[in-house]
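Take a look at the structure below.
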Amino acid sequence: MKVRIRLFASFREAAGTKEVELEVPDGSKVSDVMRKLSEHFPKLKEMLFKGDEMREDYHVVKGGRWLKGNDLLLDGDQIALFPMVGGG
30 MKVRIRLFAS
40 FREAAGTKEV
50 ELEVPDGSKV
60 SDVMRKLSEH
70 FPKLKEMLFK
80 GDEMREDYHV
90 VKGGRWLKGN
100 DLLLDGDQIA
110 LFPMVGGG
């Protein structure tokens, strides 16, 4: 199945692109797609994972809803990847 990922801010800078489409197995979870993304763009690996676990300092969004690592994705899904933003 294909999943389209839009990258923002530091993720866009690290990958050198604003959007990527990945081919992943049917039944893939968000964490599977993030792992595949980090394989294509090694600079993203430390930004997305701490060891084998997904980091918690970024958001994966689909249709205005925040996703978790174990959420399933479907063929044709479009997700967006945002770093957490702090302010004061």
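Residues in the sequence shown are numbered from 30 upward in steps of one, following the working numbering.
Cβ atoms here follow ideal geometry from the backbone N, Cα and C, with glycine treated the same way.
C-beta atoms of residue i and residue j nearer than 9 Å
i   : j    : result
K58 : L102 : yes
M76 : F37  : no
K47 : R35  : yes
G93 : M83  : no
For residue i, the nearest candidate out of the options (CA to CA)
i    : options            : result
V104 : G45, V62, L36, F37 : Going by the sequence as given, residue 104 is Asp instead of Val. The candidate whose alpha carbon is nearest that of D104 is V62.
P71  : A43, V114, D81     : A43
E85  : V32, K91, V114     : V114
D100 : G56, P112, D81     : G56
Q107 : G45, M30, K91      : K91
G45  : L73, D81, M83, S60 : L73
| message | Tell me whether the segment 43-51 and the segment 62-69 touch, counting them as touching only if at least three CB pairs, one residue from each stretch, are closer than 8 Å. | response | yes
| task | Please list the segments of the beta strand (DSSP E) lying wholly inside the segment 35-79, counting only runs of 3 or more residues, in order along the chain. | result | You should have 48-52.
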